[in-house]
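Colleague: For reference, the structure I am asking about is given below.
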Ligand code: TRP
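In our numbering, the protein residues as written are 10 to 458.
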């Protein structure tokens, strides 16, 4: 089939730019906020191992499927399915993906807003006062229940996303990813240097790297698979969108391997930065979602140069959040520019505004709207649960099935373009046809029971 090649569509300026942008999408709050506490709750090293297996077995093939769908169609997720199988109903998968993207972005902006607030507190010196658990948690609770303040920081963060995405793929997303990702890496290395030189830090490394398989059970495996999925930005079309700006010389197999290794690598490094400090200060590694905003500020407060350290850390977290949020926003922007023929600036402002408004109930769900619940969950938890546990895995299965079964002969040609690796293609095809749908299907089913 001869597709309209959409001659005016932008391309990445370089392969490195593409890799850093895709890794920037993958590396986010999921790596630095979520991964360490989920690992802490699930027993450390055994979880880490299973997580890495999930990245390889499920993550890599589905990421490849998304990129090849994007490059083969040179479209946004909705248009991609329509272009590759005209007349079919597959566009629904793309449409659900775009909807999921709105939902994720809506609450992602809120958590990123918390991060910005803590960055602001660090710069102005407030962190050094959070010297004990009571002060740290009352500060956190005082903030998240203050709707006006949370929405203000959500708004500032939304604005940062608009600023980057409105400048385009090459001049915005790629340009800033090339600056921000190396910065993130340097910040992380600095924090690791501090953390592992604290007296007592070895216990943290032991916790991370000592196999304790007694903790291993079905729930741990499901958590690890869910984390791999979320962390790699799979299941809703981010990688379809980023793949649509790829040229035909790029090897999709090696690109997915690089992006996934960077993502898993940064998650492990975040663990190495965080656990030694947590153990050295005698805190609990299984402290749950509050680890980043309550335990870490306390850890910082007890160290010399508390505000410098916490500024570095929350800057790291803010950077990680920005490069992920822009990938979510770009999905909607590419939809609006491809399908609705809007200009990029108009698309960026309107789509970001919609995500902002959708996020306000999540922003208020710890304060003014705490009593508004659906199925027993507040808005924030509801959106998080629906997207991460249901919509993304469902999207992932359908994307794998599309690439493996529905698309037809086109997929082989497109996958070999730039790689020529027939053997690898066979392994990949088997993975998207059978392995990935079954593995992800299991997460979905078990999440319900
Ligand atoms: N991967 C990001 C993180 O680790 C979150 C994210 C960005 C995401 N885009 C996504 C998750 C798309 C699922 C789908 O924080």
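Cβ coordinates follow ideal geometry from the N, Cα and C atoms, glycine included.
Can at least three beta-carbon pairs, one atom from the segment 312-326 and one from the segment 122-137, be found at a separation below 8 Å?
Modeller: These segments touch.
Colleague: In whole angstroms, what is the alpha-carbon distance linking residue 375 and residue 121?
Modeller: Going by the C-alpha atoms only, they are around 15 Å apart.
Colleague: For residue 55, tell me which candidate among 224, 299, 27 has the shortest Cα-Cα distance.
Modeller: The residue with the shortest Cα to Cα distance from residue 55 is 224.
Colleague: What are the residues that DSSP puts in a beta bridge with residue 383?
Modeller: Looking at the DSSP assignment, residue 383 forms a beta bridge with 386.
Colleague: What separation, rounded to the nearest whole angstrom, lies between the Cα atoms of residue 231 and residue 17?
Modeller: Those two C-alpha atoms are separated by around 43 Å.
Colleague: Quick one: complete alpha helix (DSSP H) runs, 4+ long, within the segment 323-402?
Modeller: 353-373, 388-394, all fully within the segment 323-402.
Colleague: Residue ranges of each alpha helix (DSSP H) run of no fewer than 4 residues wholly in the segment 270-309, ordered along the chain?
Modeller: Counting whole runs of 4 or more residues, the segment 270-309 contains no alpha helix (DSSP H) stretch at all.
Colleague: For residue 401, which option in 245, 305, 283 has the closest C-alpha, if you only look at C-alpha atoms?
Modeller: The candidate whose alpha carbon is nearest that of residue 401 is 245.
Colleague: Hey, would you say the C-beta of residue 35 is under 7 Å away from at least one heavy atom of the ligand TRP?
Modeller: Yes, Cβ of residue 35 sits closer than 7 Å to a heavy atom of the ligand TRP.
Colleague: Identify the continuous alpha helix (DSSP H) that holds residue 118 and give its terminal residues.
Modeller: Note, residue 118: alpha helix (DSSP H), 100-132.
Colleague: Nearest to residue 363 by CA position, among 168, 49, 147, 64, is which residue?
Modeller: Measuring from the Cα of residue 363, the nearest candidate turns out to be 168.
Colleague: Assuming contact is defined by CB atoms lying nearer than 8 Å, are residue 183 and residue 37 in contact in what I supplied?
Modeller: Contact flag unset, no.
Colleague: How many angstroms separate the CA atom of residue 431 from the CA atom of residue 51?
Modeller: If you take the alpha carbons of residue 431 and residue 51, they lie about 39 Å apart.
Colleague: Take every Cβ of the segment 338-353, pair it with every Cβ of the segment 97-116, and state whether three or more of those distances are shorter than 8 Å.
Modeller: Taking 8 Å as the limit for Cβ pairs, the verdict is that the segment 97-116 does touch the segment 338-353.
Colleague: Comparing the CB of residue 400 with every heavy atom of the ligand TRP, is any distance shorter than 7 Å?
Modeller: Every heavy atom of the ligand TRP is 7 Å or more from the Cβ of residue 400, so no.
Colleague: Would you say the beta carbon of residue 113 is closer than 7 Å to some non-hydrogen atom of the ligand TRP?
Modeller: Yes, the beta carbon of residue 113 sits closer than 7 Å to at least one heavy atom of the ligand TRP.
Colleague: Is residue 245 a contact residue of the ligand TRP, with contact defined as CB to any heavy atom under 7 Å?
Modeller: Yes, the Cβ of residue 245 comes within 7 Å of a heavy atom of the ligand TRP.
Colleague: Check whether the segment 404-413 touches the segment 56-75, taking contact to mean three or more Cβ pairs, one atom from each stretch, closer than 8 Å.
Modeller: Yes, they touch.
Colleague: Under 8 Å: do the segment 138-157 and the segment 308-320 share three or more Cβ pairs, one atom per stretch?
Modeller: Flag = yes, the segment 138-157 and the segment 308-320 touch.
Colleague: With three or more C-beta pairs closer than 8 Å as the rule, is the segment 369-387 touching the segment 30-45?
Modeller: Not touching, per the Cβ criterion.
Colleague: Considering only residues of the same chain and omitting the five flanking positions on each side of residue 48, which have a CB-CB separation below 7 Å?
Modeller: Taken in chain order, the residues that qualify are 56, 57, 280.
Colleague: Using the C-alpha atoms, what's the distance from residue 398 back to residue 454?
Modeller: Looking at the two C-alpha atoms, the distance is approximately 10 Å.
Colleague: With a 10 Å radius around its C-beta and 16 neighbouring C-beta atoms as the bar for buried, classify residue 248 as buried or exposed.
Modeller: Label assigned to residue 248: buried.
Colleague: Give a yes or no on whether the C-beta atoms belonging to residue 166 and residue 213 are separated by under 8 Å.
Modeller: For residue 166 and residue 213, no; Cβs fall outside 8 Å.
Colleague: Enumerate, from N- to C-terminal direction, the unbroken alpha helix (DSSP H) stretches of 4 or more residues contained entirely within the segment 180-217.
Modeller: Whole alpha helix (DSSP H) segments, 4+ residues: 184-205.
Colleague: If contact is defined by three or more beta carbon pairs under 8 Å, each pair taking one atom from either stretch, is the segment 191-200 in contact with the segment 350-359?
Modeller: Cβ pair count under 8 Å is below three, so no.
Colleague: Quick check on the burial criterion: 16 or more other C-beta atoms within 10 angstroms. Buried or exposed for residue 349?
Modeller: Flag for residue 349 reads exposed.
Colleague: Have a look at 119, 106, 82 and flag the residue whose alpha-carbon is nearest the alpha-carbon of residue 327.
Modeller: If we check each option's Cα against that of residue 327, 119 comes out closest.
Colleague: Could you give the distance in angstroms between the alpha-carbon of residue 217 and the alpha-carbon of residue 302?
Modeller: In a straight line, the C-alpha of residue 217 is about 21 Å away from that of residue 302.
Colleague: Flag residue 68 as yes when its Cβ comes closer than 7 Å to any non-hydrogen atom of the ligand TRP, and as no otherwise.
Modeller: No, since every heavy atom of the ligand TRP falls outside the 7 Å radius drawn around the Cβ of residue 68.
Colleague: Counting C-beta neighbours from all protein chains within 10 Å, is the total for residue 12 16 or more, i.e. buried, or is it exposed?
Modeller: Because the pLDDT of residue 12 is 48, which lies under 50, any placement of that residue in the model is unreliable, and the number read from its coordinates should be weighed accordingly. The residue is exposed, with fewer than 16 neighbouring Cβ atoms inside 10 Å.
Colleague: What are the boundary residues of the alpha helix (DSSP H) that includes residue 72?
Modeller: Element bounds for residue 72: 69-82.
Colleague: In the structure shown, what three-state DSSP assignment does residue 458 receive?
Modeller: Residue 458 falls in the coil class under three-state DSSP.
Colleague: Is any heavy atom of the ligand TRP found at a distance shorter than 7 Å from the C-beta of residue 407?
Modeller: False, no ligand heavy atom lies under 7 Å from that Cβ.
Colleague: Taking the alpha helix (DSSP H) that residue 86 falls in, what are its first and last residues?
Modeller: Looking at the DSSP string, the run of the alpha helix (DSSP H) that includes residue 86 is 86-93.
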